[in-house]
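Colleague:
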Amino acid sequence: MSIQSVVEWLSEHEKACVERLVDWLGIPSISTDPAYEAEVQRAAEWAADHLRGSGLEVEIVPTGDPAGSGHPIVLAHTPGDAEYAGPHVLFYGHYDVQPVDPVDLWESPPFEPVIKSDPERIVARGACDDKGQVSMFLEALRAWKEVTGKAANGVRLTVMLEGEEESGSVNLERFVEQHAETLKNCDVCVISDTGMLARGKPAITYGVRGLAYTEVTLHGPNQDLHSGMWGGKVPNPINELVKVLAKLWDDDRRVTIPHFYDSVRPIEQSEREQLADLGVDEVAALRGVGLGPEASVGEKNYSFLEREWARPTAEINGIVGGYTGKGAKTVIPSHASAKVSFRLVADQDPREITELFFAWLNAHRPPGCRWELVDHGGGHPATVATDSEPLAVARRAIEKACGVGPAMIKSGGSIPVAGLLKQKLGLETIFMGYGLEDDRVHSPNEKFELDCWRMGARSHAWLLEELTH
Ligand code: BES
Ligand code: MN
Ligand code: MN
1383 MSIQSVVEWL SEHEKACVER LVDWLGIPSI STDPAYEAEV QRAAEWAADH
1433 LRGSGLEVEI VPTGDPAGSG HPIVLAHTPG DAEYAGPHVL FYGHYDVQPV
1483 DPVDLWESPP FEPVIKSDPE RIVARGACDD KGQVSMFLEA LRAWKEVTGK
1533 AANGVRLTVM LEGEEESGSV NLERFVEQHA ETLKNCDVCV ISDTGMLARG
1583 KPAITYGVRG LAYTEVTLHG PNQDLHSGMW GGKVPNPINE LVKVLAKLWD
1633 DDRRVTIPHF YDSVRPIEQS EREQLADLGV DEVAALRGVG LGPEASVGEK
1683 NYSFLEREWA RPTAEINGIV GGYTGKGAKT VIPSHASAKV SFRLVADQDP
1733 REITELFFAW LNAHRPPGCR WELVDHGGGH PATVATDSEP LAVARRAIEK
1783 ACGVGPAMIK SGGSIPVAGL LKQKLGLETI FMGYGLEDDR VHSPNEKFEL
1833 DCWRMGARSH AWLLEELTH
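So this is what it looks like as structure tokens:
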């Protein structure tokens, strides 16, 4: 049976697979920083070559308006097989990575991947998010091609690798619109960019949160002022900004913006029970980030997991103003600003939430001050049907590959493409990801454990098998 040979190929050639991943991770494809534009392009070409080697037809599609101002999307298709009657699968991943700072906290340079042991892991920026996870799929494809001579076991497959996921997917909506005819041929999307329940416990993620990201600046006097001469008689934009932002939450830690919760789907009792049954160790999770059990704070009447998976939040992600250099300087700054974002759940709409927030800020404008408000975009939340036929196929594949069926989990993170595909094309997504909570994604010393890679590669190989049944 071919699938057995494919799985054997993956373990026999694991060293080469990991070396290829190391090679890809060596390319610093930081999408948010224009200085890395050529590297982002190189990472796209690397993936395109890999896909071509597995028998797919590949193009590197420029994005952006004006054309080419964005980072490209790698788009690939299997040649197609007349005998295959299963669903046409769209595999999505991203080849861009987050910036590396603070760089001094890395134990080894972020783009010089190293393999460490106990547990066996690969340390580099992008190791888990998302090159390492995409590589599980790429190598499953390669294995099928090497063993059978056929691309993707004959499955009708479209592959789409984005280069701007970590910088807000700003050109993705236009891309999806422009390629709607092609993408409409797909029946379901598969994404490996989420996590497992725990080590050795694979999972399917049936919901990710959305995001609305903003930057707000409060302007006061037209110049910085001596705080002795002016303090106490004119508005200090930092004081005023933090006073306003502090009103974002009430005593129960609910967001106070009117209508913020209007379209939030309440969590059902059955789902609450399922989440509780997952047995997630809250105290251990807190300990892992240096916190005691008393730090479990959040919206009243919701559990640790419910707060992450099923409830929206407001967060200040950065705040600056005034003097931030060494020593002391007595100053009233002319302005102060903050990055404020909202994690959203179904059926909240990021644009609507941003509008509500901006209206709320205008209603709370401190006297004598002026707001400058910037919308940095975001993405829709995505909740996935848990009873679809393709999902059943994925569950079977994971069970056969890992010897244990997937837990059904959600994630607090956001993957903008899923909401877009659902909204524009009615496409459902299956998130089958193999990250661990302590993989340090977006942080120094990001890693991906080889056991996770193995489970993921085998699961994708099995997925290509099960799809043909
Ligand atoms: N892979 C993550 C999202 C994620 C993280 C899903 C953890 C599940 C578990 C993705 O690359 C990411 O970082 N997304 C951003 C989206 C934003 C830039 C629009 C996020 O969630 O902040
Ligand atoms: Mn990711
Ligand atoms: Mn990310």
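Mapping of the sequence shown onto this note's numbering: position 400 corresponds to residue 1782, and the numbering continues sequentially without gaps.
All residues carry an ideal CB built from backbone N, CA and C; glycine is no exception.
What residues does ligand 2 have around it, judged by CB closer than 6 Å to any heavy atom, in chain order?
Modeller: This criterion selects His1476, Asp1511, Asp1512, Glu1547, Asp1575.
Colleague: Comparing the CB of His1824 with every heavy atom of ligand 3, is any distance shorter than 7 Å?
Modeller: Counted from its first residue, the sequence shown places residue 1824 at position 442. True, at least one ligand heavy atom lies under 7 Å from that Cβ.
Colleague: Less than 8 Å separating the beta-carbons of Ala1522 and Leu1407?
Modeller: Taking the first residue of the sequence shown as 1, we reach residue 1522 at position 140. Taking the first residue of the sequence shown as 1, we reach residue 1407 at position 25. Not closer than 8 Å, so no.
Colleague: List the residues that DSSP assigns as beta-bridge partners of Val1400.
Modeller: Stepping through the sequence shown from its first residue, residue 1400 is reached at position 18. None; Val1400 has no bridge partner.
Colleague: By the three-class DSSP mapping on this structure, what secondary structure does Ala1767 have?
Modeller: Counting from one through the sequence shown, the residue named residue 1767 turns up at place 385. The answer is coil: DSSP assigns Ala1767 none of H, G, I, E or B.
Colleague: Output the distance between the C-alpha atoms of Glu1848 and Ile1442, rounded to the nearest integer angstrom.
Modeller: The residue you call residue 1848 lines up with position 466 of the sequence shown. The residue you call residue 1442 lines up with position 60 of the sequence shown. Whole-angstrom Cα-Cα distance: 29 Å.
Colleague: Quick one: what does DSSP say Val1389 is sitting in, helix, strand or coil?
Modeller: Within the sequence shown, the letter at position 7 stands for residue 1389. Residue state, collapsed to three classes: helix.
Colleague: In three-state DSSP terms, what is Val1679?
Modeller: Residue 1679 sits at position 297 when you count from the first residue of the sequence shown. Here Val1679 sits in coil by DSSP.
Colleague: Going by DSSP, which residues form a beta bridge with Val1598?
Modeller: If you number the sequence shown from 1, residue 1598 lands on position 216. Answer is Ala1720, Leu1755, bridged to Val1598.
Colleague: Just checking, does the segment 1611–1630 make contact with the segment 1823–1842 on the three C-beta pairs under 8 Å criterion?
Modeller: Because the criterion of three Cβ pairs below 8 Å is not met, the segment 1611–1630 and the segment 1823–1842 do not touch.
Colleague: Report the rounded CA-to-CA distance for Glu1819 versus Glu1664, giving the unit in angstroms.
Modeller: Residue mapping note: residue 1819 aligns to position 437 of the sequence shown, counting from 1. Residue mapping note: residue 1664 aligns to position 282 of the sequence shown, counting from 1. Roughly 12 Å separates the two Cα atoms.
Colleague: Following the continuous beta strand (DSSP E) through Ala1696, name the residue where it begins and the one where it ends.
Modeller: Here residue 1696 refers to the residue found at position 314 when the sequence shown is read from its first residue. Ala1696 -> beta strand (DSSP E) spans 1695–1703.
Colleague: Using CA coordinates, which residue listed in His1842, Arg1733, Pro1492, Cys1568 is at the minimum distance from Trp1775?
Modeller: Taking the sequence shown and counting its residues from 1, the one referred to as residue 1775 is at position 393. Looking at the sequence shown, residue 1775 is not Trp but Val. Residue His1842 is the option with its Cα nearest to Val1775.
Colleague: Would Arg1747 be called buried (16 or more neighbouring beta carbons within 10 Å of its own) or exposed?
Modeller: On the sequence shown, position 365 is the one that residue 1747 refers to. With fewer than 16 other Cβ atoms within 10 Å, it is exposed.
Colleague: Thinking C-alpha only, which one of Pro1501, His1453, Arg1507, Ala1764 is nearest Leu1593?
Modeller: Residue numbering aside, residue 1593 sits at position 211 when the sequence shown is read from its first letter. Answer by Cα proximity: Ala1764.
Colleague: Report yes if the C-beta distance between Glu1681 and Arg1693 is below 8 Å; otherwise report no.
Modeller: As a first step, residue 1681 is located in the sequence shown; it is residue number 299 there, counting from the start. As a first step, residue 1693 is located in the sequence shown; it is residue number 311 there, counting from the start. Taking 8 Å as the Cβ cut-off, Glu1681 and Arg1693 qualify as a contacting pair.
Colleague: Would Val1456 and Cys1568 be called neighbours here (beta carbons separated by less than 8 Å)?
Modeller: Indexing the sequence shown from 1 puts residue 1456 at position 74. Indexing the sequence shown from 1 puts residue 1568 at position 186. Against a cut-off of 8 Å, the Cβ pair of Cys1568 and Val1456 comes out as no contact.
Colleague: How big is the Cα-Cα spacing for Lys1527 and Ala1666?
Modeller: Residue mapping note: residue 1527 aligns to position 145 of the sequence shown, counting from 1. Residue mapping note: residue 1666 aligns to position 284 of the sequence shown, counting from 1. In a straight line, the C-alpha of Lys1527 is about 43 Å away from that of Ala1666.
Colleague: Just to confirm, is the Cβ distance from Val1756 to Ile1812 under 8 Å?
Modeller: In the sequence shown, residue 1756 corresponds to position 374, counting from 1. In the sequence shown, residue 1812 corresponds to position 430, counting from 1. Not closer than 8 Å, so no.
Colleague: Cβ of Leu1687 within 8 Å of Cβ of Val1662?
Modeller: Here residue 1687 refers to the residue found at position 305 of the sequence shown. Here residue 1662 refers to the residue found at position 280 of the sequence shown. Closer than 8 Å, so yes.
Colleague: Please report how far the alpha carbon of Met1716 lies from the alpha carbon of Thr1596, in whole angstroms.
Modeller: As a working note, residue 1716 is residue 334 in the sequence shown. As a working note, residue 1596 is residue 214 in the sequence shown. According to the sequence as given, residue 1716 is Ser; it is not Met. For Ser1716 and Thr1596, the distance between alpha carbons rounds to 20 Å.
Colleague: Measuring only the C-alpha atoms, how far is Asp1729 from Gln1805?
Modeller: Start at 1 with the first residue of the sequence shown, and residue 1729 comes out as number 347. Start at 1 with the first residue of the sequence shown, and residue 1805 comes out as number 423. Going from the Cα of Asp1729 to the Cα of Gln1805 covers about 11 Å.
Colleague: Given that a residue counts as buried once 16 or more other Cβ atoms are within 10 Å of its Cβ, and exposed if not, what is Val1671?
Modeller: Counted from its first residue, the sequence shown places residue 1671 at position 289. Exposed, by the Cβ-count rule.
Colleague: Which class does Thr1706 belong to by DSSP, given the choice of helix, strand or coil?
Modeller: On the sequence shown, position 324 is the one that residue 1706 refers to. Thr1706: coil per DSSP, three-state reduction.
Colleague: Near Val1516, what residues of its chain come up, given a Cβ to Cβ distance below 6 Å and the 5 sequence neighbours on each side ignored?
Modeller: Stepping through the sequence shown from its first residue, residue 1516 is reached at position 134. Closer than 6 Å at Cβ, skipping near neighbours: Gly1475.
Colleague: Just checking Gln1480 against ligand 3 - is the residue's beta carbon closer than 7 Å to any of the ligand's heavy atoms?
Modeller: On the sequence shown, residue 1480 is found 98 positions in, with the first residue counted as 1. It does: the Cβ of Gln1480 is within 7 Å (strictly closer) of some heavy atom of ligand 3.
Colleague: Can you give the Cα-Cα distance for Ser1551 and Thr1599, rounded to whole angstroms?
Modeller: Taking the first residue of the sequence shown as position 1, residue 1551 is located at position 169. Taking the first residue of the sequence shown as position 1, residue 1599 is located at position 217. Taking the straight line joining both Cα atoms gives about 24 Å.
Colleague: What's the C-alpha gap between Gly1446 and Ala1458?
Modeller: Walking along the sequence shown from the start, residue 1446 turns up at place 64. Walking along the sequence shown from the start, residue 1458 turns up at place 76. Straight-line Cα distance between these residues: approximately 19 Å.
Colleague: List the whole-angstrom C-beta distance separating Leu1438 from Thr1460, where the pair is believed to meet the contact cut-off of C-beta under 8 Å.
Modeller: Numbered from 1 along the sequence shown, position 56 holds the residue referred to as residue 1438. Numbered from 1 along the sequence shown, position 78 holds the residue referred to as residue 1460. Right, their Cβ atoms sit about 6 Å apart.
Colleague: In the DSSP assignment, what residue or residues form a beta bridge with His1453?
Modeller: Numbered from its first residue, the sequence shown carries residue 1453 at position 71. Paired residues: none, contrary to the question.
Colleague: Ala1696 and Trp1631: beta carbons closer than 8 Å?
Modeller: Here residue 1696 corresponds to residue number 314 of the sequence shown, with the count starting at 1. Here residue 1631 corresponds to residue number 249 of the sequence shown, with the count starting at 1. Yes, they are a contact pair.
Colleague: Please classify Asp1512 as buried or exposed, where buried requires at least 16 other C-beta atoms within 10 Å of its C-beta.
Modeller: If you number the sequence shown from 1, residue 1512 lands on position 130. Asp1512 comes out buried.
Colleague: Quick check: what's the CA-CA separation for Glu1547 versus Pro1454?
Modeller: Within the sequence shown, residue 1547 is the residue found at index 165, counting from 1. Within the sequence shown, residue 1454 is the residue found at index 72, counting from 1. Distance between the alpha carbons of Glu1547 and Pro1454 is about 11 Å.
Colleague: With respect to the beta strand (DSSP E) encompassing His1476, which residues constitute its N-terminal and C-terminal limits?
Modeller: Residue mapping note: residue 1476 aligns to position 94 of the sequence shown, counting from 1. Start and end: 1471–1476.
Colleague: Taking 8 Å as the limit between beta carbons, can you name the residues of its chain near Val1400, skipping five residues before and five after?
Modeller: Start at 1 with the first residue of the sequence shown, and residue 1400 comes out as number 18. For Val1400, where only same-chain residues beyond five positions count, the Cβ hits under 8 Å are Ile1497, Ile1504, Leu1832, Trp1835.
Colleague: Between Glu1494 and Gly1700, what straight-line distance do the alpha-carbon atoms span, to the nearest angstrom?
Modeller: The count along the sequence shown starts at 1 and reaches residue 1494 at position 112. The count along the sequence shown starts at 1 and reaches residue 1700 at position 318. Cα-Cα distance, rounded: 29 Å.
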